[in-house]
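In the working numbering, the protein residues as written are 1165 to 1426.
See below:
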């Protein structure tokens, strides 16, 4: 894992991945993207980890987009023209494909790539002083790599307004447009809400969540009949897991289930 710019900390059933560039408002560059992806890989392999939380260091910024000053040194706007892969797109793909539930802890401003990370996560909790925006047009750019994750979350007209005006959403607006699940009025309550969600998720079957996330992602681009056929095939598979058998047994015995994640 890349040192200093990304920190990963196991906290019970939560793994918290923090972008640690507060002097650059936690802006994204190649080192940050690689550090976050490496941390995700470690968290996915950790059986104690049930939820992955993404955030930024400090209270000012979650992630202030791509680092405009990074230049040729790992910046998101300098790319080998012969290489079709971009580290920012790969980062969003990795977050979205993560087999464990993901939560964006939006502690401050989130623009550009920061907005993309939020949309790639399963859930998001936002402090009321934070804003989410896509200001790239103001410097003659367009947020190409965040279009795919944002299109899956926001209504088209709202998304296009953000893209072509560069005007950010307030926390209340982000909540109204379902960009985030919850808004809190201070950092302490932000942490309380994240902890509450982590506890709620950790109490459920890891295997059911893992297979459920897999199904939801797979069905997104299917037609309705394809979705239903896929669901019919997958349901018996879920019912055959150890967790499902334990869940049924615990329900009948009126006791708390002991999940194995298998």
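Ideal Cβ placement from N, Cα and C applies to all residues, glycine included.
Those residues which DSSP pairs with residue i across a bridge
| i | result |
| --- | --- |
| residue 1172 | 1181 |
| residue 1254 | Note: residue 1254 sits in no beta bridge, so no partner. |
| residue 1269 | 1289 |
| residue 1366 | Beta-bridge pairing links residue 1366 to no other residue. |
| residue 1227 | 1274 |
| residue 1347 | 1290 |
| residue 1295 | 1334 |
Expected contact under 8 Å - CB spacing of residue i and residue j to nearest Å
| i | j | result |
| --- | --- | --- |
| residue 1292 | residue 1219 | Going by Cβ atoms, the distance from residue 1292 to residue 1219 rounds to 16 Å, so no, they are not a contact pair. |
| residue 1288 | residue 1335 | At roughly 11 Å, the Cβ-Cβ gap does not stay under 8 Å, so residue 1288 and residue 1335 are not in contact. |
| residue 1223 | residue 1263 | Not a contact, Cβ separation roughly 31 Å. |
| residue 1280 | residue 1314 | 7 Å |
| residue 1316 | residue 1384 | 7 Å |
| residue 1183 | residue 1216 | Not confirmed; about 14 Å, so no contact. |
| residue 1339 | residue 1296 | In fact, because the Cβ distance is near 11 Å, the residues do not count as touching under 8 Å. |
| residue 1361 | residue 1267 | 6 Å |
| residue 1275 | residue 1344 | Going by Cβ atoms, the distance from residue 1275 to residue 1344 rounds to 15 Å, so no, they are not a contact pair. |
Separation of residue j from residue i, as counted between CA atoms
| i | j | result |
| --- | --- | --- |
| residue 1396 | residue 1406 | 19 Å |
| residue 1370 | residue 1211 | 10 Å |
| residue 1169 | residue 1326 | 29 Å |
| residue 1323 | residue 1402 | 36 Å |
| residue 1366 | residue 1300 | 37 Å |
| residue 1253 | residue 1311 | 10 Å |
| residue 1260 | residue 1420 | 31 Å |
| residue 1188 | residue 1318 | 27 Å |
| residue 1236 | residue 1226 | Below a pLDDT of 50, predicted positions are generally treated as unreliable, and residue 1236, at 46, falls in that range; the measurement from the model is reported next regardless. Their backbone Cα atoms lie some 24 Å apart in a straight line. |
| residue 1378 | residue 1298 | 29 Å |
| residue 1373 | residue 1265 | 8 Å |
| residue 1205 | residue 1425 | 17 Å |
| residue 1229 | residue 1418 | 49 Å |
| residue 1203 | residue 1386 | 31 Å |
| residue 1422 | residue 1231 | 45 Å |
| residue 1357 | residue 1255 | 25 Å |
| residue 1198 | residue 1416 | 46 Å |
Distance cut-off 6 Å: residue i Cβ against heavy atoms of the ligand ADP
| i | result |
| --- | --- |
| residue 1225 | Looking for the ligand ADP in the displayed structure turns up nothing, as the structure carries no ligands at all. |
Limits of the unbroken beta strand (DSSP E) element including residue i
| i | result |
| --- | --- |
| residue 1217 | 1215–1220 |
Span of the alpha helix (DSSP H), counted from its first residue to its last, around residue i
| i | result |
| --- | --- |
| residue 1411 | 1406–1417 |
| residue 1207 | 1194–1209 |
| residue 1395 | 1388–1403 |
| residue 1312 | 1311–1315 |
| residue 1308 | No alpha helix (DSSP H) contains residue 1308, which DSSP labels as neither H nor E. |
| residue 1321 | 1320–1329 |
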